[in-house]
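Chemist: Okay, here's the structure, questions in a sec.
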Amino acid sequence: MRETVTSTHCPYCALQCGMNLTPAADGRSVEVSERADFPVNRGALCGKGRTAPAVLSSAVRLTSPLVRSAAGTLEPASWEEALDRIAEGVGGARAEHGADAVGVFGGGGLTNEKAYALGKFARVVLGTSQIDYNGRFCMSSAAAAGGRAFGLDRGLPFPLEDIPRTGCVILVGSNPAETMPPALRYFTELKENGGTLIVVDPRRTRTAEQADLHLAPRPGTDLALALGLLHLVVAEGLTDEEYIRERTTGWEDTRAAAMAHWPEYVERITGVPVPQLREAVRMFCEPEHAMVLTARGPEQQSKGTDTVSAWINLALATGRPGRPLSGYGCLTGQGNGQGGREHGQKADQLPGYRKLTDPAARAHVAEVWGVDPDSLPGPGRSAYELLDALGTDIRALLLMGSNPVVSAPRAAHVEERIRSLDFLAVCDVVLSETAELADVVLPVTQWAEETGTTTNLEGRVLLRRRAVSPPPGVRSDLEVLHELAARLGGEGSPEKRFPADPEEVFEELRRASAGGPADYSGITYRRLAEENGVFWPCPSPAEPAEPSEPAEPSEPAEAAVHPGTPRLFLDRFATEDGRARFVPVSHRAVAEEPDEEYPVLLTTGRVVAQYQSGAQTRRVDELNAAAPGPFVELHPRLAQRLGAAEGDPVAVVSRRGRAVAPARITTSIRPDTVFMPFHWAGEGRANSLTNPALDPTSRMPEFKACAVRLEAVRP
Ligand code: SF4
Numbered sequence: 001m002r003e004t005v006t007s008t009h010c011p012y013c014a015l016q017c018g019m020n021l022t023p024a025a026d027g028r029s030v031e032v033s034e035r036a037d038f039p040v041n042r043g044a045l046c047g048k049g050r051t052a053p054a055v056l057s058s059a060v061r062l063t064s065p066l067v068r069s070a071a072g073t074l075e076p077a078s079w080e081e082a083l084d085r086i087a088e089g090v091g092g093a094r095a096e097h098g099a100d101a102v103g104v105f106g107g108g109g110l111t112n113e114k115a116y117a118l119g120k121f122a123r124v125v126l127g128t129s130q131i132d133y134n135g136r137f138c139m140s141s142a143a144a145a146g147g148r149a150f151g152l153d154r155g156l157p158f159p160l161e162d163i164p165r166t167g168c169v170i171l172v173g174s175n176p177a178e179t180m181p182p183a184l185r186y187f188t189e190l191k192e193n194g195g196t197l198i199v200v201d202p203r204r205t206r207t208a209e210q211a212d213l214h215l216a217p218r219p220g221t222d223l224a225l226a227l228g229l230l231h232l233v234v235a236e237g238l239t240d241e242e243y244i245r246e247r248t249t250g251w252e253d254t255r256a257a258a259m260a261h262w263p264e265y266v267e268r269i270t271g272v273p274v275p276q277l278r279e280a281v282r283m284f285c286e287p288e289h290a291m292v293l294t295a296r297g298p299e300q301q302s303k304g305t306d307t308v309s310a311w312i313n314l315a316l317a318t319g320r321p322g323r324p325l326s327g328y329g330c331l332t333g334q335g336n337g338q339g340g341r342e343h344g345q346k347a348d349q350l351p352g353y354r355k356l357t358d359p360a361a362r363a364h365v366a367e368v369w370g371v372d373p374d375s376l377p378g379p380g381r382s383a384y385e386l387l388d389a390l391g392t393d394i395r396a397l398l399l400m401g402s403n404p405v406v407s408a409p410r411a412a413h414v415e416e417r418i419r420s421l422d423f424l425a426v427c428d429v430v431l432s433e434t435a436e437l438a439d440v441v442l443p444v445t446q447w448a449e450e451t452g453t454t455t456n457l458e459g460r461v462l463l464r465r466r467a468v469s470p471p472p473g474v475r476s477d478l479e480v481l482h483e484l485a486a487r488l489g490g491e492g493s494p495e496k497r498f499p500a501d502p503e504e505v506f507e508e509l510r511r512a513s514a515g516g517p518a519d520y521s522g523i524t525y526r527r528l529a530e531e532n533g534v535f536w537p538c539p540s541p542a543e544p545a546e547p548s549e550p551a552e553p554s555e556p557a558e559a560a561v562h563p564g565t566p567r568l569f570l571d572r573f574a575t576e577d578g579r580a581r582f583v584p585v586s587h588r589a590v591a592e593e594p595d596e597e598y599p600v601l602l603t604t605g606r607v608v609a610q611y612q613s614g615a616q617t618r619r620v621d622e623l624n625a626a627a628p629g630p631f632v633e634l635h636p637r638l639a640q641r642l643g644a645a646e647g648d649p650v651a652v653v654s655r656r657g658r659a660v661a662p663a664r665i666t667t668s669i670r671p672d673t674v675f676m677p678f679h680w681a682g683e684g685r686a687n688s689l690t691n692p693a694l695d696p697t698s699r700m701p702e703f704k705a706c707a708v709r710l711e712a713v714r715p
């Protein structure tokens, strides 16, 4: 008898909660039930995960390709016609303006197989360097800072299960109570075990309410905050000198930079009182084990990489990284934010987290792909820079798994750039705000309708399984790339190098990643199914590497098989000399400080019932009932000055645009700051306001702080 319950994972955030799916009687939708055997969420799901099946059978689900007609409307078309139109639009731009006139934009929600195939498609079939993805807007600053400190970026270098067993966690700019609720239990268990939680956030969020200590700096000043804490660590003789000597380099310059940031100076910059700084240092340094975890707060800044480096420096000076139950980690946001940044859809990257500028990496990957290494283009533009170049250098765009009209900074400008393209093709499950602007829209399969792998925030590679057939008329992203390769690839049957079967793609990804920093070569679909996920790096038995520790929690399927690496850096860091690198950093202001004209800081973020640009979650009634629209969160003092009452429409105006949303008045936010969630389009679009000032290293835009003014909106 056919097994009808499928064990799989949620389509949304980086926690990748396990869930069971059972096809409903209609054969199209599925019912979600608890999957207690998956250790990360142990059966718990948030409302987004529970209601995810609603998008499968949504009335607004796309089930036919759409092609823009001569009259300017999107009309249903056959797959052949739609694919031919893409080949024509993309091929025409390439023929007329060169390969780099074609851009490709991916997403951190794409499976590893899709991210890999998309990067390969861009470089092998299109020959373009112009590929990047929306993950650039997610955790790229933490990735850059982790890479330069430890020689390797894996969001968490230890499993979440270590959190309850440490002594203190400093959680910087993260609100798991809303962004990934099942993860909150790791922090409540930490407290139940006698540990302490320090939350750094300009808002008193639901997570901050549970903290033993809440530090509320002005947005964009947490670099200074970390320096102030490090100053006190040094001044109070709490550095771990033996660890610094044995396991790090570069301490003296970092120490000098920290000593220039006196606590009183830091209080003036951040607004965090000195006694709170001292209390944080005491709480962090007293226990044997402690962790610093960052998320989008410190990362989405024009100095995000340096800000994360400042927090890593604090962890290093106190001897935390690379020790059991201790260290630094980043809580990645998007569903496959980790795997999506490893396999080649990033502008400067080849699969296995290899660098596109490394001749050996180019040679290895080119051999797997069956092409000349010299034919591979070099690094291209970062996400915002790519979007900014649309309609000028870039004439045609293929977009998969992203909705930049809502999610990009300075969104009205990005929308204008998209409109100026000669040709736009979008693959999506619904007609997103970006898809509405396309010349061709292809309806593609969703999580429960396809098989593929993702890599969660712990670096645990997981198997998402198909539980139900897609609706007629819908194809997978891999099938789309297969078909487009046949049309655009020229001679030599290139479509054969773009299999539509996900396991076949994964087998190729294994070979392409072999020997790279993110080595998946020892991972197979069978192992993922049997072992409930495998942590990378996991080299194949043919290319053995030393794991940092013995296998856990599961035993390898065969004796010769590498067990995977749940915990990194226990023996050495991934740098050439095996030591972690301090990076000296100093405070600098946000790119756009408040002034007379724009006197308030805007910060943006998420709410529990919506996800990212809302393209999927805004189609779910239950989620819309819980979070029906945007709002402007402001302090009563600010509301009083404005003359606004709860629910009154408030206009928020920046140098880039204007957004209007109802006031939500609360003392949980600083009086000099307003907050808007970014899930909605239209007049409440928060990203109409945000500043695309880029971090010089990660090219991350400054989503978290820009200067605005508020205006009352009179009826
Ligand atoms: S926490 Fe994240 S992965 Fe888990 S159910 Fe919610 S959205 Fe899905």
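Everything in the sequence shown is counted per the UniProt record's numbering, starting at 1 for the first residue and increasing by one. Cβ coordinates follow ideal geometry from the N, Cα and C atoms, glycine included. Just so we're clear, the structure is a prediction, and the values are computed from it rather than from any experiment.
(1) Buried or exposed for GLY605, please, with buried defined as at least 16 other CB atoms from any protein chain shown within 10 angstroms of its CB.
(2) Where does HIS97 fall in DSSP's three states?
(3) Considering only C-alpha positions, which residue in the set ALA712, LEU710, VAL713, CYS706 is nearest to PRO219?
(4) Between ASP372 and GLY127, what straight-line distance do the alpha-carbon atoms span, to the nearest angstrom?
(5) Under a three-way DSSP split, which group does PHE423 fall into?
(6) What did DSSP end up calling PRO7 once you bin it into helix, strand or coil?
(7) Mind listing which residues have their beta carbon within less than 6 Å of any non-hydrogen atom of the ligand SF4? Chain order is fine.
(8) By the three-class DSSP mapping on this structure, what secondary structure does LEU15 have?
(9) With 16 as the cutoff for other CB atoms within 10 Å, does GLY109 come out buried or exposed?
(10) Determine the DSSP secondary structure at MET400, reduced to helix, strand or coil.
(11) Over the uninterrupted beta strand (DSSP E) stretch that includes PRO499, give me the two end residues.
(12) Assuming GLY151 contacts TYR353 under a Cβ cut-off of 8 Å, what Cβ separation, rounded to an integer in Å, is found between them?
(13) Within its chain, find whatever has a CB closer than 7 Å to the CB of SER29; leave out the 5 residues flanking it on each side and keep chain order.
(14) Starting from ASP132, follow the beta strand (DSSP E) in both directions and report where the run begins and ends.
(15) Where does PRO692 fall in DSSP's three states?
(16) So who's on the other strand from ASP595, going by DSSP bridges?
(17) For the segment 76-155, which segments carrying the alpha helix (DSSP H) assignment without a break, of at least 4 residues, lie completely within its bounds, in sequence order?
(18) To which residues of the same chain is GLU546 closer than 7 Å at the C-beta, ignoring the five residues directly before and after it?
(19) On the three-state DSSP scale, how would you describe SER540?
(20) Going by CA-CA distance only, name the one from ALA574, ARG465, VAL444 that's closest to LEU481.
(21) Nearest CA to the CA of GLY89: which residue from HIS231, PHE423, THR179?
(22) In the DSSP assignment, find the unbroken alpha helix (DSSP H) run with residue 734 in it and report its ends.
(23) Please name the residue in ALA712, VAL708, LYS704 whose C-alpha comes closest to that of ARG296.
(24) Tell me the DSSP secondary structure of HIS214 in three-state form.
(25) On the criterion of 16 or more Cβ atoms from any shown chain inside 10 Å, does SER469 qualify as buried, or is it exposed?
(26) Which one or two residues does DSSP pair with ILE669 in a beta bridge?
(27) So SER382 packs on ASN134, CB below 8 Å; how close in whole Å?
(28) Check for me: the alpha helix (DSSP H) holding LEU568 runs from which residue to which?
(29) Can you find the residues in the same chain that come closer than 8 Å, C-beta to C-beta, to GLY629, ignoring five residues on each side of it along the sequence?
(30) The alpha helix (DSSP H) that contains GLU189, what's its start and end?
(31) Checking 9 Å against the spacing of the C-beta atoms, do THR318 and ASP222 come in under that value?
(32) Do the CB positions of GLY339 and ALA115 come within less than 9 Å of each other?
(33) Verify whether the separation of the beta carbon atoms of GLY167 and LEU325 is less than 9 Å.
(34) So, at 7 Å on beta carbons, what are the nonlocal neighbours of THR454 in its own chain, with the 5 sequence-adjacent residues on each side left out?
(35) Look at GLN130 and ASP100 and say whether their C-beta atoms are less than 9 Å apart.
Modeler: On the basis of the data shown:
(1) Stepping through the sequence shown from its first residue, residue 605 is reached at position 605. Classification of GLY605: buried, given that the 10 Å Cβ count is 16 or more.
(2) Start at 1 with the first residue of the sequence shown, and residue 97 comes out as number 97. In the structure shown, HIS97 sits in a helix (DSSP, three-state: H, G or I).
(3) The sequence position of residue 219 within the sequence shown is 219, counting from 1. The residue with the shortest Cα to Cα distance from PRO219 is CYS706.
(4) Within the sequence shown, numbered from 1, the residue matching residue 372 stands at position 372. Within the sequence shown, numbered from 1, the residue matching residue 127 stands at position 127. Computed Cα separation, rounded: 12 Å.
(5) Position 423 of the sequence shown holds residue 423. Note: PHE423 maps to strand in three-state DSSP.
(6) Translated into positions along the sequence shown, residue 7 becomes position 7. Looking at the sequence provided, one finds Ser at residue 7 rather than Pro. Note: SER7 maps to strand in three-state DSSP.
(7) CYS10, TYR12, CYS13, LEU15, GLN16, CYS17, ASN41, LEU45, CYS46, LYS48, GLY49, MET180, PRO181, PRO182
(8) On the sequence shown, residue 15 is found 15 positions in, with the first residue counted as 1. Secondary structure of LEU15 (DSSP, three-state): coil.
(9) Residue mapping note: residue 109 aligns to position 109 of the sequence shown, counting from 1. Buried, since its Cβ has 16 or more Cβ neighbours within 10 Å.
(10) As a first step, residue 400 is located in the sequence shown; it is residue number 400 there, counting from the start. Note: MET400 maps to strand in three-state DSSP.
(11) In the sequence shown, the residue the question calls residue 499 occupies position 499. Neither: PRO499 is in no beta strand (DSSP E) and is coded neither H nor E.
(12) Sequence index remark: in the sequence shown, residue 151 carries index 151 (1-based). Sequence index remark: in the sequence shown, residue 353 carries index 353 (1-based). With a Cβ gap of about 11 Å, GLY151 and TYR353 do not count as contacting.
(13) In the sequence shown, residue 29 corresponds to position 29, counting from 1. Cβ neighbours of SER29 beyond the five flanking positions: PRO53, LEU56, SER57.
(14) Position 132 of the sequence shown, counted from the start, is the residue given in the question as residue 132. 131-133 is the extent of the beta strand (DSSP E) around ASP132.
(15) For this step, residue 692 is matched to residue 692 along the sequence shown. Residue state, collapsed to three classes: strand.
(16) For the purposes of this step, residue 595 is taken as residue 595 along the sequence shown, with counting starting at 1. According to DSSP, which records beta bridges pairwise, ASP595 is partnered with nothing at all.
(17) 79-97, 112-120, 140-150
(18) Within the sequence shown, residue 546 is the residue found at index 546, counting from 1. Note that GLU546 scores 48 on pLDDT, short of 50, meaning its location in the model is unreliable; the coordinates nonetheless yield the value given after this. So the list is empty, once near-sequence residues are dropped.
(19) Numbered from its first residue, the sequence shown carries residue 540 at position 540. Three-state result, SER540: coil.
(20) Along the sequence shown, read from residue 1 onward, the residue named residue 481 stands at position 481. Among ALA574, ARG465, VAL444, the Cα nearest to that of LEU481 belongs to VAL444.
(21) Taking the first residue of the sequence shown as position 1, residue 89 is located at position 89. For the residues HIS231, PHE423, THR179, the minimum Cα distance to GLY89 belongs to PHE423.
(22) Given a span of 1 to 715 for the chain in the structure shown, any question on residue 734 remains unanswerable.
(23) In the sequence shown, counting from the first residue as 1, residue 296 sits at position 296. The option with the nearest alpha carbon to ARG296 is LYS704.
(24) Looking up residue 214 in the sequence shown gives position 214. Assignment of HIS214 by DSSP, reduced to helix, strand and coil, places it in the strand class.
(25) The residue you call residue 469 lines up with position 469 of the sequence shown. With fewer than 16 Cβ atoms within 10 Å of its Cβ, SER469 is classed as exposed.
(26) Counting from one through the sequence shown, the residue named residue 669 turns up at place 669. ILE669 is bridged to ARG203.
(27) Sequence index remark: in the sequence shown, residue 382 carries index 382 (1-based). Sequence index remark: in the sequence shown, residue 134 carries index 134 (1-based). With a Cβ gap of about 11 Å, SER382 and ASN134 do not count as contacting.
(28) Counting from 1 along the sequence shown, the entry for residue 568 is found at position 568. Counting along the chain, LEU568 falls outside any alpha helix (DSSP H), and DSSP gives it neither H nor E.
(29) By one-based count along the sequence shown, residue 629 stands at place 629. Within the same chain, GLY629 has close Cβ partners ALA661, PRO662, TRP680, GLY684.
(30) As a working mapping, residue 189 is identified with position 189 in the sequence shown. Per DSSP, GLU189 belongs to the alpha helix (DSSP H) from 184-192.
(31) Residue 318 sits at position 318 when you count from the first residue of the sequence shown. Residue 222 sits at position 222 when you count from the first residue of the sequence shown. No, they are not a contact pair.
(32) Position 339 of the sequence shown holds residue 339. Position 115 of the sequence shown holds residue 115. In this structure, ALA115 lies closer than 9 Å to GLY339 by Cβ.
(33) Numbered from its first residue, the sequence shown carries residue 167 at position 167. Numbered from its first residue, the sequence shown carries residue 325 at position 325. Contact flag set, yes.
(34) Along the sequence shown, read from residue 1 onward, the residue named residue 454 stands at position 454. Closer than 7 Å at the Cβ level, and outside the excluded window around THR454, lie HIS9, GLN16, THR111, ASN112, GLY335, ASN336, GLY339, LEU462, ARG464.
(35) As a first step, residue 130 is located in the sequence shown; it is residue number 130 there, counting from the start. As a first step, residue 100 is located in the sequence shown; it is residue number 100 there, counting from the start. With respect to the 9 Å criterion, GLN130 and ASP100 are classified as neighbours on the basis of their beta carbons.
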